[in-house]
Amino acid sequence: MRIDLMEGLGFSAAHFIIGHKKCEYLHGHNWRVGVTVEGKQDERGLVVDFLELKSLIKKICENYDHRLLLPEKNPSIQRLSSKNSVRVSIHGREFEFPTEDVVWIPVINTTVEELARLIADELVKKLSLYQNVDKITVLVEESPGESATEERRIKT
Numbered sequence: 001m002r003i004d005l006m007e008g009l010g011f012s013a014a015h016f017i018i019g020h021k022k023c024e025y026l027h028g029h030n031w032r033v034g035v036t037v038e039g040k041q042d043e044r045g046l047v048v049d050f051l052e053l054k055s056l057i058k059k060i061c062e063n064y065d066h067r068l069l070l071p072e073k074n075p076s077i078q079r080l081s082s083k084n085s086v087r088v089s090i091h092g093r094e095f096e097f098p099t100e101d102v103v104w105i106p107v108i109n110t111t112v113e114e115l116a117r118l119i120a121d122e123l124v125k126k127l128s129l130y131q132n133v134d135k136i137t138v139l140v141e142e143s144p145g146e147s148a149t150e151e152r153r154i155k156t
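According to my numbering, the residues represented by the sequence shown are 1 to 156, in order.
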């Protein structure tokens with residue numbers, strides 16, 4: 001059985017893609033997130049309760065909402081952080097942001113592909129407690145019609 005949760009999930013965040021001519025400029029998106037869960041129905045007839053699934057995804061999205069997403073693993077970004085602010089230098093361009101506005105994420109670049117992978121990683125950890133869930137698919141859309149999808153099998 002497959003269930004889909006595709007509406008009302010997402011976050012607004014700024015980012016840049018280091019090494020991309022146009023997208024290296026700071027910009028933002030209203031990212032949308034959709035999830036498909038496959039598995040066997042439990043004794044209640046549910047694969048996963050929609051309310052529980054929506055709550056899990058919203059908690060993940062809240063970490064990124066109204067923040068600047070910076071790639072922790074990119075060697076081209078230099079951190080010049082202080083106590084109250086995050087300063088970064090990228091190819092000679094310097095930026096400074098309040099610390100609470102920045103989320104460092106464990107990716108090489110803040111692309112839609114990497115965000116789909118990262119959100120799938122987080123969701124797999126949370127859904128691994130569900131014995132009947134076999135597979136998840138996470139879709140992240142940065143603009144209408146522009147998305148990435150990450151599929152994961154969950155071993156129980």
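Just so you know, even glycine gets a beta-carbon here, dropped at the ideal spot from N, CA and C.
Everything numeric in this text was worked out from a predicted model, so none of it was measured.
Could you give the first and the last residue of the continuous beta strand (DSSP E) run that contains Arg93?
93-98
Do Asn30 and Pro71 have their beta-carbon atoms positioned less than 7 Å apart in this structure?
no
CB-CB under 7 Å to Ile17, same chain, minus the five flanking residues each way: which ones, in chain order?
Cys23, Glu24, Asn109, Thr110, Thr111
Report yes if the C-beta distance between Val140 and Val33 is below 7 Å; otherwise report no.
yes
How do the segment 36-45 and the segment 1-13 stand: do at least 3 beta-carbon pairs fall below 8 Å, yes or no?
yes
7 Å Cβ cutoff met for Leu69 and His15:
yes
Going by Cα to Cα distance, which pick from Thr137, Ala13, Gln78, Gly8 is closest to His91?
Gln78
Considering Cα atoms alone, identify which of Asn132, Glu151, Arg152, Val138 is closest to Asp49.
Asn132
Limits of the beta strand (DSSP E) - the one that Ile136 falls within
133-143
8 Å Cβ shell around Gly8 - same chain, five flanking residues per side excluded
Lys54
Would you report the Cα separation of Glu62 and Ser85, rounded to the nearest angstrom?
21 Å
Collapsed DSSP secondary structure at Val124 in the structure displayed:
helix
Where Glu24 sits in the DSSP three-state scheme
coil
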